[in-house]
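Line by line, the protein sequences give chains R, C and G.
Take 15 as the starting number for the first sequence in the numbering used here and just add one per residue.
Take 65 as the starting number for the second sequence in the numbering used here and just add one per residue.
Take 1069 as the starting number for the third sequence in the numbering used here and just add one per residue.
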Amino acid sequence: MRFDIRYTTRFSYGDKVVESQNDLRACPAVDSRQQLLHYRVTTIPAARVFSYADYWGTRVDAFGIRGPHDALEVVAEATVETSRPAMLTVSPRWAELDDAGYRDEHVEYLRPSPHTDWGPTVTTEAERVRDLVGDDVVSAVLAINRFVGTGVEYVPGATYVGVSTDEVLERREGVCQDFAHLFIAMCRSLGIAARYVSGYFFAVDERRGATTDRDEVEVQTHAWVEVAVPGADWWALDPTNQREVGVQHIKIGHGRDYDDVAPLRGTYTGPAEHDLDVHIRIRRLAQVQQQQ
Amino acid sequence: MSDDLFRDYDHAGFYDEAFASDGQLRPHYRALADRMRTLTPTDLTEREALRDAIFREQGITFTVYDDEKALERTFPMDLIPRIIPADEWAELEAGLIQRVTALNRFLEDLYVGERAAIHDGIVPRWLLATAEGFVREAFGVPVPHEARCLVAGIDLIRDADGTPRVLEDNLRNPSGISYVLENRVAMTRVLPVAFNQHRVRPVDHYGSLLLDALRNVAPPAAGENPCVVVLTPGVFNSAYFEHAFLARQMGVELVEGRDLVVDEHVVYMRTTRGLARVDVIYRRIDDDFLDPVVFNPDSTLGVPGLVAAARAGNVTITNAMGNGVADDKAVYAFVPDLIRYYLGEEPIIANVDTYLLWDDDQRAMVLDRLGELVVKPVAGAGGYGMLMGPTASDEEIADFARQIEEDPRGFIAQEVVQLSRQPTLVGDELVGRHLDLRPFVITGETMEVIPGGLTRVALREGSLIVNSSQGGGSKDTWVLEDDGRDSGEEA
Amino acid sequence: MLARLAENLFWAGRYLERAEDTARMVDVTYHTLLESPQAAEAEAWAELLDVLHLRAAYEAGHDEVTAEAVTRFLVLDEDNPGSIMAAVTLARENTRSVRELVSTELWEAVNSFYLELRRRDLGEDVATQPYELFAVVKRRCQTVTGVAVETMPRDDGWRFMTLGRMLERAEMTSRLLDVRFGQLVSFAAPLAFHHWVAVLKSASAFEAYRKAYRASMEPANVVEFLLLSPDFPRSVRYCLEHAEQQLARLGDPERVGPARRRIGRAYAELQYREVDELLDDLHPFLDRIQQNVWRVADAVADEFFRHAPDGGQHSLTTT
């Protein structure tokens, strides 16, 4: 499916600020499921953008504005074509997770990270799930997905970046990144490598993934997960809307947790308070619908 | 000559730098001993007072944080220098150059290369990826000429047989060179006659060597006359004296983060006449504080946008970011293999035998012998958080056993190395004290080792801890132009 | 040169000057009172606090004005940035941060001055041998100045340091005149003589004044000397002229910057003045000079030191 994405971020400071420096991570990834046809970043005031791929492979657009300005607008425009992921055709046993090669390759996705650290509550739930499914890693991952998706209620604005996975589990509510962090923590506590994915999701309501007849929607950035299944490629699931990742998911990048793929990080000199206005518009392009 | 300073000196029990096991002075210490014997206890006290005055007036201090007070201490220099004959130094120098060459290759391979050492199974990926100094933000950031460890400080010790070994590598911001230079200045004023009786290789060209090396890593676009600066965390940093000292030695600006600003991925310093472009930053700030956009967002010591500017090739940050991965004490254990892998040579200077605790057999052996071994945290520095098995209590040993079981990657174990000793003046008595040596290796157009380095000495009786923060002192280190066997006679 | 270092040198100059001026004024007040026939002690110390612009700061921490409390406040109270100990500490901190710009000799002079003060028991000194203490401070300050003159190249660093000294000194001298003049014109002749001598000594000007005016002690002469003398290095005119000269070399030679314009105006006010025009309205005139000096200092900061305000962080969250 082919989409046009226009991602606009606007900061208003209420006073002059100077020496703003920022890293933007908004560019759709290029992988076996996605093709990037067009991408452009523009800013007001204008800035020279320096782009590179970071350690995780995500495109970063770095830009700065030195002179005085009282607002900053960043617009990222992309055209991307997505396809369905390959079917999962393996069903590894638990013992395969102990393979030294698997643990070596995925060490970063097996250990706790600041947002995926877990305590006894998470471990207990994860072990309970494991004991229910028997000797089958894929079933365990599906069970974790179901557990997270049904056990935690989607409540917009319920949490803040930095809430612990145990706390999400206790409060039983959160937003997409809490679903993803909890999912990842449960997988890792069982020795299953899992990583955080940041992206866009074409739907009117990101919860339940309600699809739309409309060709244009206004969304927010979304988060889901990918699991390293021994013997297969990364397997992407969306615990927030309880489905496998498909053509509506447009991936930006992945990392250990939110911090590795935060959409925008930056500093400036001037009053700390500012207003922030974010709009993400995704348009489905007609020609692609005919192919479906 | 009435009171022989050396008469009651006890050299027994350890390898002694000045005395052979038969009690005879080693040849390269004879001239010094002859000279020292002519000094009365009053002479020695006077010279110590002169030395203290020199250091204090120069403001050569480091800061020790004690509760809430910041105390300024001088780093005490012992009057008795350490002497290294030419032949011995030649071997050390070759070993140091070999080691740092391999480490530069390794860091280049890891951060901007093909990670061949990982693919070829020399060092496991997981081990590197779990090191504190494995800096993901450093991937893809170039440094010209593979000079990622532009200044390396390699800590050497001598074991019971007198064989030199590498104790640890300091590839991030090794400090101490200012003491080497200032010790030498003080020594030539405090013991001028003894100094003149030896042909000691000079160290005072360090500043010009360092400046040349820094210019050598300027981005290709910087032109003929690149602008080099030293970046310091500021006057409250414990090593500030050294930062200022080095800037002065090189005749370059000493800047703080707030003096620099990035515009269109180019770094400038703020001057009274406007912005001036900067090409090379010799930074003495830790990675995590360099740039709040990519590292610790609350850091006010760094420069927003600096890392992107370096990545764009508009400025060189040195020592390179991420060098700490090789300072990890478990990665250290792989350095001999890295030397063989990259250079196809046998290591000239060996490591201290090190046990890796994630290996079940090694861990079992270590847990069995904890009372005989030294255990160190892999990311520790300054001698903190160690277990000295032979002097530890049962509780400490049990505590470390538990910590190792919990986090086997977090520690390494080593055989106790007794460190060599050397006559050291304590009061008006000459006593044996343990010491190590930190030579400084500079990667410039060619690799250079400053003759000698910082000899640190544990001033407490029996102590093996030489760190300045824990009661260590220093000695001027004399590398001789010759093998030292004839010096003295010609004077 | 680096803007931050220029600022540190400027302040090193100001603090050194402040330490010296404070020492001299405390010394003179102390010894004038010893010789004084009627010891209006509290009043004299309160006036000194006015001269130093520290009355409010003092009263915030003290209930009454006594010789001992004021002396301690001005010599060793480190919470008072105008105390000698604080000024020397700050001068040393500023010098330390610019060590690579100043000569080693200058650093050593400042550092050993600081170390000597730290070694001394200042409370004891103030109580038992104030004369010796003030002599040490003055001598050390003069040593620092002398070393600076002899060892510093006449570069921008030197200019900022001199600029700081000159502005601080201009302010001190004008305040000294401002506070003392109002009180002294009403005094009877013999007593006034005694006090005018103290004023001149506070500015290290007694001997130079005598050379210029012989034994006559006319208020008009004192004002003329301290305000308008083109040659005496502590006169306000001299300080402004020299500050202006530094700024002329520091700024863009193609155009006159705001700091230089301000100081040029302040200097012009003094340059062709006759003392008789001033005596009737001395206070407003001196007040204007002080305001001008402050504005010059602000303009210097804006033009050369380029302060950046505190900053904020951008971060976006996902939902």
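Even for Gly, the Cβ is constructed at its ideal location relative to N, Cα and C.
{"Query": "Check distances from the C-beta atoms of the region 348-374 of chain C to those of chain G and list, in chain order, the residues that come in under 7 Å.", "Result": "Pro361"}
{"Query": "If you follow the beta strand (DSSP E) that C/Ile506 is in, where does it begin and where does it stop?", "Result": "504-507"}
{"Query": "In chain R, which residues lie less than 9 Å from G/Gln1381 when you measure between Cβ atoms?", "Result": "Arg279, Gly280, Thr281, Tyr282, Ala286"}
{"Query": "Assign R/Gln191 to one of two classes, buried (16 or more other C-beta atoms within 10 Å of its C-beta) or exposed (fewer than that).", "Result": "buried"}
{"Query": "In chain G, which residues lie less than 7 Å from R/Thr77 when you measure between Cβ atoms?", "Result": "The question names Thr, yet the displayed sequence has Phe at residue 77 of chain R. Within 7 Å Cβ-Cβ: nothing; R/Phe77 doesn't reach chain G, min ~12 Å."}
{"Query": "By DSSP's criteria, G/Tyr1126 is part of a beta bridge. Which residues make up the other side?", "Result": "The partner list for G/Tyr1126 (beta bridge, DSSP) is empty, contrary to what the question assumes."}
{"Query": "Residues of chain R with CB under 9 Å from C/Phe78, in chain order?", "Result": "Under the 9 Å cutoff, chain R gives no residues; its nearest Cβ is about 42 Å from C/Phe78."}
{"Query": "Using a cut-off of 7 Å between C-beta atoms, extract the partners of G/Phe1372 located in chain C.", "Result": "Thr336"}
{"Query": "Verify the CB distance criterion: does C/Glu320 have a CB-CB separation below 8 Å to chain B?", "Result": "Note that chain B does not occur in the displayed structure, where the protein chains are R, C and G."}
{"Query": "Tell whether a beta-carbon distance below 8 Å holds between C/Ile381 and C/Ala374.", "Result": "yes"}
{"Query": "Count the CB pairs spanning the region 40-60 of chain R and the region 90-102 of chain R that are closer than 8 Å, and state whether there are at least three.", "Result": "yes"}
{"Query": "Mind pulling the chain C residues with CB within less than 9 Å of G/Glu1069?", "Result": "According to the sequence displayed, residue 1069 of chain G carries Met and not Glu. Correct list: Glu317, Thr335, Thr336, Arg337."}
{"Query": "Sorted by chain position, which residues of the same chain lie with C-beta nearer than 7 Å to C/Thr519's C-beta, five sequence neighbours on each side aside?", "Result": "Arg146, Leu499, Leu501, Ser538, Lys539, Thr541"}
{"Query": "Quick check for students: name the residue ranges of the alpha helix (DSSP H) that lie wholly in the region 35-98 of chain R, counting only runs of 4 or more.", "Result": "none"}
{"Query": "R/Asn36 touches chain G at which residues, Cβ-Cβ below 8 Å?", "Result": "His1382"}
{"Query": "Please name the residue in C/Ala82, C/Val281, C/Arg71 whose C-alpha comes closest to that of C/Thr510.", "Result": "C/Val281"}
{"Query": "For R/Phe197, collect the residues of the same chain with a Cβ closer than 8 Å to its Cβ; drop the 5 residues on either side in sequence, then sort them by chain order.", "Result": "Ile158, Asn159, Val162, Ala208, Val239, Leu251, Pro253"}
{"Query": "Roughly how many angstroms separate the alpha carbons of C/Leu103 and G/Leu1070, rounded to a whole number?", "Result": "49 Å"}
{"Query": "If you reduce the DSSP assignment to three classes, tell me which class G/Phe1300 lands in.", "Result": "coil"}
{"Query": "Measuring only the C-alpha atoms, how far is G/Pro1149 from G/Ala1155?", "Result": "6 Å"}
{"Query": "I'd like to know whether the C-beta of R/Arg160 is nearer than 8 Å to at least one C-beta of chain C.", "Result": "no"}
{"Query": "If you measure beta-carbon to beta-carbon, which residues of the region 189-220 of chain C are closer than 8 Å to chain R?", "Result": "Arg189, Trp190, Ala193, Thr194, Arg200, Glu201, Phe203, Gly204"}
{"Query": "Is R/Phe216 close to chain G, meaning its C-beta is less than 8 Å from at least one C-beta of that chain?", "Result": "no"}
{"Query": "Suppose the cutoff is 8 Å on Cβ atoms and the five residues either side in sequence are ignored; what does the same chain contact list for C/Asp225 look like?", "Result": "Tyr79"}
{"Query": "Do you know how far the Cα of C/Leu255 is from the Cα of C/Leu523?", "Result": "21 Å"}
{"Query": "When the Cβ atoms of the region 72-89 of chain C are set against those of the region 1134-1144 of chain G, are three or more pairs found closer than 8 Å?", "Result": "no"}
{"Query": "When DSSP labels each residue in this structure, what does C/Met333 get in the three-state scheme?", "Result": "strand"}
{"Query": "Would you say G/Leu1235 and G/Ala1311 are within 8 Å of each other, going by their C-beta atoms?", "Result": "yes"}
{"Query": "In chain order, what residues of the same chain lie with their CB nearer than 7 Å to the CB of C/Val257, ignoring the 5 residues before and after it?", "Result": "Arg99"}
{"Query": "Take every Cβ of the region 228-237 of chain R, pair it with every Cβ of the region 287-303 of chain R, and state whether three or more of those distances are shorter than 8 Å.", "Result": "yes"}
{"Query": "Along the region 1217-1229 of chain G, what residues have a CB closer than 7 Å to any CB found in chain C?", "Result": "Asp1224"}
{"Query": "Report yes or no: is there a C-beta of chain C within less than 8 Å of the C-beta of R/Glu240?", "Result": "no"}
{"Query": "Assuming C/Ile476 is part of the beta strand (DSSP E), what are its boundary residues?", "Result": "475-479"}
{"Query": "Name the chain G residues whose beta carbon is nearer than 9 Å to that of C/His323?", "Result": "Looking at the sequence itself, residue 323 of chain C is Asp, so the reference to His does not match. Within chain G, the residues near C/Asp323 are Leu1070, Ala1071, Arg1072, Leu1073."}
{"Query": "Within 8 Å of any Cβ in chain C, is that where the Cβ of R/Leu290 sits?", "Result": "no"}
{"Query": "Could you list the residues in the region 102-130 of chain R with a C-beta less than 8 Å from some C-beta on chain C, going in chain order?", "Result": "Arg117, Asp118, Glu119, Val121, Glu122, Arg125"}
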